[in-house]
Structure formats: C-alpha cells, structure tokens
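**Student:**
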Amino acid sequence: MPLPSRVASSCREEPLVLQGRNTRLPDLYEVFDHPKHPSNNPGRSIVIKYDTRPIAMKDQKQFEESLEVPLGQREELKAQGLFELRPGDYVFCRPGLENTDPRDGITIGWVVGPEKHSQKCKHALDEATDSALGPKETRTATEVPLERGAERVGEGRCYNIAISVELPTGCIAPQAAMKPSGNCEQFHKLCRVLSTAIAKISMEDMDLAPVDLQDLIRTRTEMLGLPRVGTHGNYAFQTIQCNIAAAGGLASLAAQLASFGEAHFDDKDCPGHTTNMQVASQLPEGWDPGYFHLVGLGVFVALDKHTSFNFQGNRRHGASGPFPPPGTDLSSIPAWAYRFTLISYPPSRMCNQKCRYRVAATPSSEPIFLAPEMQNPEYDPSKVTSTTVGSANFFRDGHHFMDNKSHVEFAIQSLYRQTHYLLKQLPAHLGVQRLSTSNFFNDITYLNEEGERVAVEAWEWAPPLGGEEEERFLERWRAGTAEWDAHVQKATSMIPAKSYRSATARAESAVGGPSSTSRAEGTPRDTARQSTASGSIVRVNAEASTSTNPGPSRKRCWVEIQTPRFLLDKRRLEAEAIRQGERAPKRLRTTGSYTANHGGKGSLGKAAMGEDEWISSASSDDDLETAKGGKGKGGTKGKGKGVVKRQRTKASKGKGKESKNTQSEVLASQGFVFRLMNFSDASHVHAELNKLLAGAQTIPTDMAVDVEEYDDRYEGTTSMIESDPLSLNTVRAVFDMKQGSDAIYAMVQQSEYANRQHHKRYALAKLRTWKWLRSIREAACVLIKKGKASLRNEKSWLGRLVLQLIYAHESSERYPTISSGAVGFHVPPEMPVDFIYDNRMAWRAFGHVLQNMDEPVADAVVEAVRTWMRWDLLKDVKLGWFVEIVEEQLGDAALTMDYVWSIVASFRSSDVSLGAPPARSGYKYERDTKLFRETLTDHPIMDTTSHEGHLYRQYRDFLNGDLSPEELHIEELDGSWNQYADMWRKALEYTRDPDQVTDDKFIQLLQGDADFYLPIREKAPSRVRSRSELGPYRAEVITTPAGIFSAVVWRAITYRSEFSKNHSMTFESSEALAALVRSITEANPTAAAKQNSKGNTYFCDRKAYGQPTRRSMDLHPLYWDSIQQKVWSKFVHANPKPTFSAAIKYFQEDKAIPSKVFPQLGDLGRLTLTGDLVYAGVVQEPTVVEMAQAIVELDAGAIAGLRALKFLTRTWPATRGAKVEAVVEALGAIQEKMTDTFTEQEMEEAGFDLLSLEHSLCKFSRALRLNVLSKDI
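Residue 1169 in the UniProt record's numbering sits at position 1169 of the sequence shown, with consecutive numbering throughout.
1) Around the Cβ of Tyr-50, are there at least 16 other Cβ atoms within 10 angstroms (buried) or fewer (exposed)?
2) In three-state DSSP terms, what is Met-402?
3) In angstroms with no decimal places, state the Cα-to-Cα distance between Ala-1263 and Val-1192.
4) What is the residue span of the beta strand (DSSP E) that Gly-1171 lies within?
5) Can Gln-60 and Gly-156 be called in contact, C-beta distance under 8 Å?
6) Helix, strand or coil: which one does DSSP assign to Leu-465?
7) Are Ile-1227 and Val-1179 close, meaning C-beta to C-beta below 8 Å?
8) Just to confirm before moving on: does the CB-CB distance between Ser-344 and Ile-161 stay below 8 Å?
9) Ser-1028: buried (16+ other C-beta within 10 angstroms of its C-beta) or exposed?
10) Using the Cα positions of Leu-803 and Leu-1194, report the straight-line distance between them to the nearest angstrom.
11) Please give the ranges of any beta strand (DSSP E) in the region 121 to 183, keeping only runs that are unbroken, at least 3 residues long and fully inside the region.
12) Please report the distance separating the alpha-carbon of Arg-953 from that of Met-897.
13) If I'm right that His-1255 touches Pro-1015 with Cβ under 8 Å, what's the distance once you round it to whole angstroms?
14) How would you write the range of the alpha helix (DSSP H) that Ile-217 sits in, first residue to last?
15) Are the beta-carbon atoms belonging to Ser-1129 and Pro-1032 less than 8 Å from one another?
16) Taking buried to mean at least 16 other C-beta atoms within 10 Å of its own C-beta, is Leu-430 buried or exposed?
17) Quick check for students: name the residue ranges of the beta strand (DSSP E) that lie wholly in the region 793 to 823, counting only runs of 3 or more.
18) Under the three-state reduction of DSSP, which class applies to residue 1352: helix, strand or coil?
19) Indicate the three-state DSSP secondary structure (helix, strand or coil) for Ala-258 in the structure shown.
20) Would a C-beta distance cut-off of 8 Å place Phe-260 and Asn-243 closer than the cut-off?
21) Report the CB separation of Phe-83 from Leu-16 in whole angstroms; it is logged as a contact under 8 Å.
22) Could you tell me whether the Cβ atoms of Tyr-837 and Ile-806 are closer together than 8 Å?
23) Verify whether the separation of the beta carbon atoms of residue 1296 and Gly-824 is less than 8 Å.
24) Keeping to the same chain, check which residues put their C-beta closer than 7 Å to that of Ile-959; ignore five residues upstream and five downstream.
25) Between the Cα of Thr-140 and the Cα atoms of Glu-1221, Trp-336 and Ser-1112, which residue gives the shortest distance?
26) Where does the unbroken alpha helix (DSSP H) through Thr-1235 begin, and where does it stop?
27) Once DSSP output is grouped into helix, strand and coil, what is the label at Phe-441?
28) Could you pull the DSSP bridge partners for Pro-15 from this structure?
29) Going along the chain, which unbroken runs of the beta strand (DSSP E) with 3 or more residues stay wholly within the region 342 to 382?
30) In the DSSP output, what is Gln-282 paired with across the bridge?
31) With Val-857 as the anchor, note down where its alpha helix (DSSP H) starts and where it stops.
32) Nearest-angstrom Cα distance between Val-1220 and Thr-231?
33) Can you name, in chain order, every residue of its own chain whose Cβ lies under 6 Å from the Cβ of Ser-414, other than the five neighbours on each side?
34) Which ranges would you report for the alpha helix (DSSP H) in the region 725 to 794 if only whole runs of at least 4 residues count?
35) Among the residues of its own chain, which have a CB less than 7 Å from the CB of Glu-14, if the five just before and after it don't count?
36) Where Gln-996 and Lys-986 are concerned, what is the direct C-alpha to C-alpha distance, given to the nearest angstrom?
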C-alpha cells in the first residue's frame, strides 16, 4: 500500500531564479511542505502556474511547437536556464497565475531514483533487457533479438510488445506479432518476460504517485475493466513501447528513433494518466547517459540506469544522448552499447471508452469485438458488431503479455459485458433482471501460475440488470465518471497542446460544430444523457459515451447501425436491379442520386477542401488577399502512419447571416475558379498566342509520312551515323530523316490548331446540354402548377413524369421506381431505364401530403432525366455554368485556349463546392457564381490596356481571322535582369529627388503612388511616416499594447488611406481610435460620406494591396482584444528576441476559437507587419530559409518576380520542402547578382536585405505588367 501524502497545515513557495532561461518558458516555484508530495519519496516540490485562457494556451502551444530537444550536456543545459529534476522531485501545475492553493492542481510528473526500486525488480529488468538485446558478444549496432518479432511503431527502432491501437478503426488488440505463427514462440516468451519485468517496476513508481492520482487511475481501470499488462497489479499502464538506440556517440536520437528521437507530443495518450519511462541502458563506463526533456517546461532528467521518470505524454518532450567521454574515437564504440528505454503508457481511447476490443474469434477466424457500447452500462443497445479479418485477439493471444489472473479476468469481464449488452436488447415487457453479478464470475475457475485451481473473483463494477440495483449502480458509475472527467478536464486545461484544442472543440460545440464528445452519427439522441429535476437535459459520462471514434476511411462503421426499413427497401431494389440486369440484359436499371450520400467520392471528395488547399492555386501576385479573404491559414498536419484526419468544411463554422455570406464566397472561390485566374496571367496568354501563331504559320506539306517506314529509316540512319558518318549515303539518309521530322512537326502543329476548335465544340456542347436541362426544369415547374387533373390528360413524357413524381411524393413509399419506358422517354439503346427515386419527403411528411411540392418535384424531374441520360449531374451542371461565365465574359475564343481546356477536360464534380445540396446546386447558380463573375470581371485580362487584355484580344481576333500574322504584336514578357536593375536604379533616382521633372514612365508611377510601386521598402512615404514621431514603430512605443495595436491597425485597416496620411498613426486604445473616427466624421462631411461608401473609404482603402478585400474600420475592437489576450509585452520582451517565424505565427488568425484573432490581417499583412517589427528592432531578422518559407506560404508577387527573372521555373515542385529549397537557392543567386551589379554604397543606400528583396520582387512583377522598365542599361 502506498504511504499517505505529506499533510501540512501550511506551506510556502519561492520562485526559482534560473539565469539564461527563455522568458517564454513558464516560471518555476519551489513549494515547501507540499501536501501532495508523498512522504516515502522525499525531494523537492516544483510548481508551475498556467494562464488557462484559450488564447494564452494557444500561444504556449505554438511556442512549444517551435522548441526542439536541447542537445547539450548537464552544464550546457543549466547555462540555458533549464532546471534539472532529481530523484524524489515532483512537478505540479495549477490553474491561474496568482493561485497559491497547493491542493488546486494536478501532477505533471515525478522522478524515481534507483534506490527506490526493489532489487528484485531491478534484477528482473536486467535479465529481461539481456534477453531483449541478446548476449553482448553477438550484438550488432543494427539489430537485436527483440527487433526480429516486435511490431514497429513509426519509422524508427521503437517497438510495441503488448497492446496496439489501430488508429483508423479504434480497435484495441494484442499487437499483430502476438498471433500464432511458425517462428514466433521465442518472441512470445520474450514479450512475457519483458512485459512482466517492466510492469512490476513501473508499478513501484505508481506506488510513489500522489494518493489522489493513484485512486483516480485505479478506480478508472476497475470501472472500465481495462486489461492489465505484465502483472495483475498493473492498473496504470495498458501498453508498452521499447525504444532501442545503439550508442553511436551522437547527441541526437532522430537517426535511430525517427520522430520519437525528436521533440514530439504523444497526442494519443490519456491526459488524465501519466507515462512511465524506465531506463535500462547498457553503456560503457564513463559515459554520460543522456537527458530527457519536457521542452515546454524547461526541465530535464538525467537518464541514469534504473532511474525512472513519470510524466504527461501530451506535453512536448524528447531526449538526447548518450554522450561518450571527450576524445572518444567513435569507431571504437562497442557494438553491445545500447540506450534502452521502456515506455509504459495509457492509450487515450482505452481510458475514454472510444475503442473496441478484438477479444476473440469465431471458428472461421471472424473476430469477436467488445464494442464501446458494450462497455458503457448507460448505453441503450441498438447496434450489432460486424467486421472482417483473422487477427490477434485477447482471448487467444493475451497470455503473451498478461499473467493468468489478468488474462482470465479480462476475458470473463468481456464476456459479462457482452452478455449484459445482449440481454438489454430483450423487450422490456419481459422484465429480465440480474440482481446478483458475483455468480457469473465465481462459477468459473482457472489454473494460476502455480498450477492451483482458483475461482475468478467477483467484479465490483459488473453492472446489474434491472431493478433498484441497476439504478444504484448507475448512480455510482456516473459519480465515478464525473470525478474522472473533472480530473481529465483539469489536467487537459494545463497542457497547452491539449488545452487549446479542447477549448476549440468546446467552442465549436457551442455553435453547432463538431466536438470530441458529440454523439456519433446514427446513435440515439438520448445516449449518455439524463433529465434533471428542472426538465433540462445534461450530459453525463462525457468520455464513456456512445462510440465516437472516427472512421472516414472505412467503407462501413465497425459497429453498424441497425438498418432502417426504408434503407432495406432501397438495398432490396438495388439488388433486384442487379439480378434483373443479369437475367435480362435488355433492361437497364440504375440508381438515382438525389440523396447527399449516394455520390460517394464525387459528391464529397475535395468539395470539403480546406482553405489551405485552395489558396495554393491563387493568383501569383501580391494582390492575393482577395483570394485568401485576408485570412490566415489554420489546421494541423498529420504525422505518421495510420492517422485519420477529418477535414471540416467551411459550412461547419459560423453563425448568422454575415457568416453565411462569407462562407458562400469562400466556397464559391474553391476549385477551378482561382485556377482560371492564375492561368489567365500575361505569361500564359502570351504562350497561347505563340502556340496559335505557330500552328497557323506551319507550311502545309504534301509529303505523306508513313510512320512505320519513318521508324525503319530512323533506325537505319542511326546505325549509319554510328558506323560511317562521313559517307554520302549517310548524308542522304540524314537529309531524308530531317525532311521527315519537319513533316511530322507540321502535322502536329496543324493538328493542334484544329484541336482548338474541337475543344470549343466540346465545351459549348456541355453548355447547351446544361441549358437544356434547366429548360426542362422550368417546363416542369409550369406543369406542376397546372395540377394533377390537367396532368392526367398530358401526353408528353415530361407531363407523365411530373404526374408520377407527384404521386410518389403524396405516397409514403421511400424509394418508388419510375421506368423511362413508362413515361415514354426513350434514348439509345432504346431500353427502359429504372430510376429509383429517394423520396426523402416521405419520411419528413410522415405520410401526410405536402402542401408545396414544386421544388422537390422539379428537382426530381432533373434527377430522373439525368439518370436516364446517364449523366453526372453535379459535374455537368458545374461545368455548364463555368463555360457559360467564361463565354459570357471572354467570348467563345477563350474555350479554345489550352489552359481553359485543361480545366474543362479534367473537370470533376468535386472541383467546386457550392454549398447547396448536390442536386440543387446548379439551379441556384446566380448566388453561387457571384464571386466568380465579379473576380473574372475585375481580372486584368478584361482590361484592354493591360498586357493580358491586349494579348487575349490579339489571340481572339487572330483565331477568328480578323488579324493576319503580320498584324500581330507579341512582346516578350519575361523580365530580364536589366529590367530588374533598371527598376532599382530608377527607384534610387526617385528617392534622391522625388519632385524631378521626367519623362520616365516608372519614375512617373512612383511620383503618383510610391507606396504601391517603390521597391525600396523603407523609403516608401507611408513607411517613413510610420517610423516618425507620428507612427507606432519608435522603440518606446512598439513594445507597448498601444504601439502594436496601432501597427496592426495601420497594416490591416488604414494602410494607404487618406486617414493614415493626415492624422496620427498611434492610438492609446480601441476606444481612443473610435473617438477619433467620430470626431473626424462629425467635422468632415466628406470623410463621413466616404466612410459609408462601399469602395475606397476615407479611413480604409480596401484596394490598398491591389485587389479589394473586406477590410473595415469595424475590426479594430477585435484587434485590441487580440492584443490583450495574446499578452504582447511578454512575447516582445522574450530573451532572445522572437524569431521571424515566431512573430508571423503570433499574428495568425485562428478561426476555430470563438474570439477571432487579428481577422483580415492575412498572410501578406502578417509578413509586412513582421518586417516592420524587424526594422523596429523587436524581432530577429529572417534567415534565408524563413524568408523562403514566407514567400512559399504567400505564393504571390515574389514568386512571380522570381519566375520573371528566370530564377524559378514555371514547373513548381510538388512538396513544400522542395519549394522552399528552390526559393532559398533563387534568393541566394539574386543576392550574388546584386552585389555584382551595384556598388556597396548603392546597396546600403537602398537598404538591401532579405526583406527589401522580397518587397522588390513583388513590385517588379507589378511593374512588368505595365511595361515601364527598360531592358537596356
């Protein structure tokens, strides 16, 4: 039994002073006489206090994500202000920075020294380690015996030796290598020995845990009947992982342990439990054993042999070492030297009942599962289990890592729960009860390890069935669950990596979004709920709820919902249709697609595409904020194998009318819309015109090219060139081959020229088809209004179809079948086609006749016609309106262009998400295509004065025969280095004399709007003003909340506005800014009028960065609130200064939390604002990699500039890492060329650095479009 915790009437705490410590790491306090510190493991009590507000936890999480494992040794680590935990030390955390109550908190971790482990356990662990690693004389640095059978976790030398969690399915079972096979006996014995030794020594650590934590974990394990690994006394750790690394003398473990050798979060661990790490390394004498770090807390532990550390795996952690003595020749390190750590931990899914156990198998190897619903006594059963494969299971294979008592006990408890689950499905009128549960267990006996026959002990938490006993049990169950939930919630609230995400889930749940505890699809609505005395419904057993484990990658859920009658009817009809098709090939039957779930890949797919995915194809211009909506990117990236990520669509967020409009705009902007905008730049149109001209100018040839004969001649000529290149026969053969190749080229060019007209014909046919389908729907609406009496006399196929659909809607039949032959609708091959209609209104109306059937019947008409015509409705509808808008705006000549054809030819139904139900989306296209029309109208290709517009009109007129080849004027568009240098020189000339009289077009542009065109970033008039006494970037101002608020307001709202040019740029608060705006509008009617306009207002220029955005003065209260929440002063005063990347991340908006952070600042705004802070001296200068990352993330004007200068090709690498590498190389090349082109004095005058380089590339791509730069030096 564990000794009681120390109890003191009072305790005191003192802050620890750690020189050199990163100021963003949490402060540490030593508490003396801490009441939770067990007296049988004396040491220090360290306390960490957390600001648990979601925004603060988000900042801490982002900070932790930026940290890596420190690779130094003890003295180096201490010099960084990191705190070493020694045996006997405990770490606690509390909510609230001012909290001084030692009992109000949770246990983060504790260290147990070798002296606290029994000799018996240490000896057993050493023997098990020898078995796992093998005899020293036979070891190699690349493999040990354990690795020959264990299941690898990830890509490194990390192995599971007990229970595995199949992430996509939520299935818990012995790891796959536990099942019987011809060569696994030795491995199974090794697992039994190793798991027993690890479990016993780990539980010695748990005996030293604070008593409250022990009680919570023990009770939870007993309640849920969790399997006990290694020894029956192991109630705390449900599986084991062995991390193996040969002692190679390197500080980093990443090469051998992969992601587990780096800083990482064990996100699948239960936050209410702790992970146990035992050290069983075998190293040469004199070696430093290495260190284990909780990097987000700034604490570490030396990994001495038989030392153990208990910690929360959800916190970012990692290890380094071991380190050889100085001067050691790495090649002389013995092969037997190994770092061996043994990790015992609790998978979250097991502790939260969000899993199913594969407990046994049928005679045919079909698995038998213990489903989550069976584990929850509150659940009202309505599901049956179904799955496949013969795999490892607990009944057969659990003995490899469980002792006899644990194995039998878990098996019998599983049987009991399954029996209980099935009995609860009996009708209530039978009154079935099971008042005594002990007999079920006591009647079963088994042999223990000593060969003695013993009875299974009664299970305290076995749920009774029926009567008052069940009610009393459920009250006890709910109380235990509530206590555990409160513990987990408290623990989670102080783990940044978990707390922020949990807060996000709660916020989404509050507005109807998804959450981790929302009920699974198809589960009863009253699951895990109870009615209070007041009649309200409250959630109980938040973690032990109905199965909610994700499974989007599976074709069916592992716990299948009992199939409703109407679905059985549909499946019966579909099966009959298949059989009919087999028996009678002249009768074709297909299924309609009116429901959202019929479409499978087509109806969902990339329609649920997130913002990150569609932004990547946006316009290559620094005016990109229109495409991005001025919003930052969010989301997490999945790592590792077997991880299932569920993408949320935009439809799952937002509330109110304004949010819906925003959502519609974003959804309508996905897919090909901005792909078209991107392809319509000058370079693409220029290439199209050149290809068209090449095809038209190809001289027709009468030379017939026989391909087979040409191939034979080619091979013969090749042989002649190799054997006798100087002979006249070879000369003639080469001449003939050259003529043949020219003829082939002419054929290809002429064919491509002809194909352009075919592309147009195909696209227009799709458009006409879609318009015909719309006309059918309109005609159907007219017929519907005539009524049934008139329709009975209607002779047309459409009238008959409308009448049958009206009858279908008036009936209660869910899946009526309508034959094309029955209504007289015939298309080749003249065989009847059955349309199985999903009459969703039948169950909605509950058998009553619907009053207004116009919309559903009209939609069903289109659905039937689509089915009979064998069309992909969603794809054809979207393609139809796409073609319509392109033809309407640009004319049908645009449909002949190769890049438009590439969109049309590869068009998929998932390319655009319109937000409406699939069958209706095409008919509400006026709303859904609004943004597409507006964006295309504003595109430069529509402007006759732009390069794009001029080139396209030449293309159109030349295609239509209105221009001859001689009349074409095709200018080269690629920018030369001379043009780029010319831009810099003219910019310097302008800055020396802004008011000069000149005929130079670029200088005239600068004189008109230097903020928009000047490549010298810090000499733009607005930047000069922002750094003056009127601006916020002075050293004494920018570090204050008012200073950063003013800077954000300028970059996100007032940039290039009349307001920012005529008034102070610094504001003490949001209220002060609002008061200033009111005073200006009251005194200046012109400003007031502009403030109410929709365009370029006095206070906010919505085209400040090019394309219009939703910038608004209404946003500044949100910015002030963001500054207050994100504690700017703490961030800006960090030591060392925040990195460039960290500063960009600080300003990122996170749309998942209720209070938006810096909305509408956008990627471009974040980049420019962070650059301002670099020049203000509060943020570190960017490295070339950081700048490349920012450029790739923005994917805008700088990329266009690099391509124009030929430092990047048009072919963009597939991976983000490759893109960054390409940009890094390009930036380095430009920097070298700049030093060759300009003098050191000129470079200094221009303030040339990475920030100004990125800025100048954006301006260069903008200036190129205006053709104002000279190619001559």
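Glycine residues also receive a C-beta, built at the ideal position from the N, C-alpha and C atoms.
**Tutor:** In short:
1) For the purposes of this step, residue 50 is identified with residue 50 of the sequence shown, where counting begins at 1. Buried, by the Cβ-count rule.
2) Residue numbering aside, residue 402 sits at position 402 when the sequence shown is read from its first letter. DSSP places Met-402 in coil when its eight states are reduced to three.
3) Sequence index remark: in the sequence shown, residue 1263 carries index 1263 (1-based). Sequence index remark: in the sequence shown, residue 1192 carries index 1192 (1-based). One C-alpha to the other measures close to 21 Å.
4) Position 1171 of the sequence shown holds residue 1171. Taken as a continuous stretch (DSSP letters only), Gly-1171 belongs to no beta strand (DSSP E), being part of the alpha helix (DSSP H) at 1162 to 1175.
5) The residue given as residue 60 occupies position 60 in the sequence shown. The residue given as residue 156 occupies position 156 in the sequence shown. Against a cut-off of 8 Å, the Cβ pair of Gly-156 and Gln-60 comes out as no contact.
6) Here residue 465 refers to the residue found at position 465 when the sequence shown is read from its first residue. If DSSP states are grouped into helix, strand and coil, Leu-465 belongs with the strands.
7) Here residue 1227 refers to the residue found at position 1227 of the sequence shown. Here residue 1179 refers to the residue found at position 1179 of the sequence shown. According to the sequence displayed, residue 1227 carries Leu and not Ile. In this structure, Val-1179 does not lie closer than 8 Å to Leu-1227 by Cβ.
8) Indexing the sequence shown from 1 puts residue 344 at position 344. Indexing the sequence shown from 1 puts residue 161 at position 161. No.
9) On the sequence shown, residue 1028 is found 1028 positions in, with the first residue counted as 1. Result: exposed.
10) Counted from its first residue, the sequence shown places residue 803 at position 803. Counted from its first residue, the sequence shown places residue 1194 at position 1194. Their backbone Cα atoms lie some 55 Å apart in a straight line.
11) 158 to 160, 163 to 166 and 171 to 174
12) Along the sequence shown, one-based indexing puts residue 953 at 953. Along the sequence shown, one-based indexing puts residue 897 at 897. The alpha-carbon atoms of Arg-953 and Met-897 are separated by roughly 13 Å.
13) Position 1255 of the sequence shown, counted from the start, is the residue given in the question as residue 1255. Position 1015 of the sequence shown, counted from the start, is the residue given in the question as residue 1015. That belief holds up - the Cβ atoms of His-1255 and Pro-1015 are roughly 6 Å apart, short of 8 Å.
14) Taking the first residue of the sequence shown as 1, we reach residue 217 at position 217. 211 to 224 is the span of the alpha helix (DSSP H), which, as asked, contains Ile-217.
15) For the purposes of this step, residue 1129 is taken as residue 1129 along the sequence shown, with counting starting at 1. For the purposes of this step, residue 1032 is taken as residue 1032 along the sequence shown, with counting starting at 1. No. Outside cutoff.
16) Taking the sequence shown and counting its residues from 1, the one referred to as residue 430 is at position 430. Leu-430 should be labelled exposed.
17) 817 to 819
18) Because the chain is modelled from 1 through 1273, residue 1352 falls outside the range shown and cannot be assessed.
19) Locating residue 258 in the sequence shown gives position 258, counting from the first residue. Reduced to three states, the DSSP call for Ala-258 is helix.
20) Stepping through the sequence shown from its first residue, residue 260 is reached at position 260. Stepping through the sequence shown from its first residue, residue 243 is reached at position 243. Result yes, Cβ atoms of Phe-260 and Asn-243 sit closer than 8 Å.
21) The sequence position of residue 83 within the sequence shown is 83, counting from 1. The sequence position of residue 16 within the sequence shown is 16, counting from 1. That pair is a contact at about 7 Å.
22) Taking the sequence shown and counting its residues from 1, one reaches residue 837 at position 837. Taking the sequence shown and counting its residues from 1, one reaches residue 806 at position 806. Not in contact: Tyr-837 and Ile-806 (Cβ atoms no closer than 8 Å).
23) Because the chain is modelled from 1 through 1273, residue 1296 falls outside the range shown and cannot be assessed.
24) Counting from one through the sequence shown, the residue named residue 959 turns up at place 959. Note on identity: in this sequence residue 959 is Leu, with Ile being the wrong assignment. Excluding residues within five positions, the ones whose Cβ falls inside 7 Å are Leu-692, Ala-893 and Thr-896.
25) Locating residue 140 in the sequence shown gives position 140, counting from the first residue. Per the Cα distances, Trp-336.
26) Stepping through the sequence shown from its first residue, residue 1235 is reached at position 1235. Looking at the DSSP string, the run of the alpha helix (DSSP H) that includes Thr-1235 is 1216 to 1237.
27) Numbered from 1 along the sequence shown, position 441 holds the residue referred to as residue 441. Helix at Phe-441.
28) Within the sequence shown, numbered from 1, the residue matching residue 15 stands at position 15. DSSP, once it has assigned bridges, lists Tyr-29 as partnering Pro-15.
29) 356 to 361 and 367 to 370
30) Residue mapping note: residue 282 aligns to position 282 of the sequence shown, counting from 1. DSSP, once it has assigned bridges, lists Tyr-338 as partnering Gln-282.
31) Here the question's residue 857 lines up with position 857 in the sequence shown. Val-857 -> alpha helix (DSSP H) spans 854 to 869.
32) Residue numbering aside, residue 1220 sits at position 1220 when the sequence shown is read from its first letter. Residue numbering aside, residue 231 sits at position 231 when the sequence shown is read from its first letter. C-alpha separation (whole angstroms): 51 Å.
33) Residue mapping note: residue 414 aligns to position 414 of the sequence shown, counting from 1. Val-359 and Leu-370.
34) 728 to 786 and 788 to 791
35) Your numbering for residue 14 matches position 14 in the sequence shown. Taken in chain order, the residues that qualify are Tyr-29 and Glu-30.
36) Within the sequence shown, numbered from 1, the residue matching residue 996 stands at position 996. Within the sequence shown, numbered from 1, the residue matching residue 986 stands at position 986. Cα to Cα, Gln-996 sits roughly 12 Å from Lys-986.
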